[in-house]
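>
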Amino acid sequence: MAFIKPKTWTMKNGQTFTIQSADEKDAEAILSFTKEVMADSEFLITEPSEFNLTAEHEQILISSLLKDENKLMICSRLDDEIIGTLDFHNGSRNRNRHQGYFGMSVAKKYRGQGVGKAMLSTLLNWAEQNPVIEKVGLEVFAENVPALNLYRSYGFMEEGRKKNGAKIEGKAHDLILMAKFFK
């Protein structure tokens with residue numbers, strides 16, 4: 267995983283937060299954050315009851331990411347609290363290692379404050395400088411208009427749509443595939 271040095275950002279409300287690479291010591295805090303986000307987000311594929319990672323598993327995941335220069339995991343912190351995470355995984359084969367996909371989550375009380383924008387900017391700056399990565403992709407619920415607007419503002423284009431790609435409480439939702447190309 268590429269190493270992202272701590273950088274301070276300012277939210278719309280004036281609070282400052284830091285973005286930096288995740289570390290194995292963050293495993294427990296990342297798990298707690300992830301469980302919190304899953305409990306209050308309607309736009310995640312994984313339901314809270316399906317999330318069963320342990321701190322040990324999270325440490326192993328972070329450790330494996332740290333060993334690969336073409337993968338990235340960053341955390342946004344307000345003081346000692348994790349308020350956002352983003353992870354990027356590229357393909358594992360020679361024919362697809364030039365591209366990958368990311369997932370991003372922001373704590374509910376900090377959504378709309380620029381945290382996601384700062385993490386996305388960090389990812390794209392890293393990808394642009396990475397000699398291997400040529401394409402950054404994502405999958406987003408069609409109803410998640412704030413996320414769609416953010417991605418479009420950074421030059422992501424729609425590549426396709428998975429009709430009825432997800433079901434929540436029996437109701438079908440489309441998933442939009444988006445990508446930004448480099449090089």
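Numbered according to our numbering, the sequence shown spans residues 267 to 449.
Backbone N, C-alpha and C fix where the C-beta goes; we use that ideal spot for every residue, glycine too.
Which of the three DSSP states is assigned to A293 in this structure?
As a first step, residue 293 is located in the sequence shown; it is residue number 27 there, counting from the start. It is helical.
> Taking the continuous alpha helix (DSSP H) assigned at S387, which residues delimit it?
On the sequence shown, position 121 is the one that residue 387 refers to. Segment 381-395, the alpha helix (DSSP H) holding S387.
> With H, G and I counted as helix, E and B as strand and the rest as coil, what does DSSP make of Q325?
As a first step, residue 325 must be located in the sequence shown, where it is residue number 59. Three-state DSSP puts Q325 in a helix.
> Rounding to the nearest angstrom, what Cα-Cα distance links K449 and Y376 in this structure?
As a first step, residue 449 is located in the sequence shown; it is residue number 183 there, counting from the start. As a first step, residue 376 is located in the sequence shown; it is residue number 110 there, counting from the start. Cα to Cα, K449 sits roughly 33 Å from Y376.
> Between the C-alpha atoms of Q365 and I399, what's the straight-line distance to the nearest angstrom?
Along the sequence shown, read from residue 1 onward, the residue named residue 365 stands at position 99. Along the sequence shown, read from residue 1 onward, the residue named residue 399 stands at position 133. The straight-line gap from Cα to Cα measures roughly 6 Å.
> Are the beta-carbon atoms of I348 and A295 separated by less than 8 Å?
Along the sequence shown, read from residue 1 onward, the residue named residue 348 stands at position 82. Along the sequence shown, read from residue 1 onward, the residue named residue 295 stands at position 29. Yes. Within cutoff.
> For L310, I'd like the list of residues in its chain whose CB is within less than 8 Å of its CB, leaving aside the five on either flank, ordered along the chain.
In the sequence shown, residue 310 corresponds to position 44, counting from 1. Excluding positions up to five away in sequence, the list reads V303, M304, S371.
> Out of I434, A288, K278, T276, which has the shortest C-alpha to C-alpha gap to T351?
Mapped onto the sequence shown, residue 351 falls at position 85. The shortest C-alpha separation from T351 is found at A288.
> Starting from R418, follow the beta strand (DSSP E) in both directions and report where the run begins and ends.
Stepping through the sequence shown from its first residue, residue 418 is reached at position 152. Per DSSP, R418 belongs to no beta strand (DSSP E); it is in the alpha helix (DSSP H), 411-419.
> Whose CA, out of L404, P272, E316, G431, lies closest to the CA of R418?
One-based indexing of the sequence shown puts residue 418 at position 152. Considering only alpha carbons, the answer is L404.
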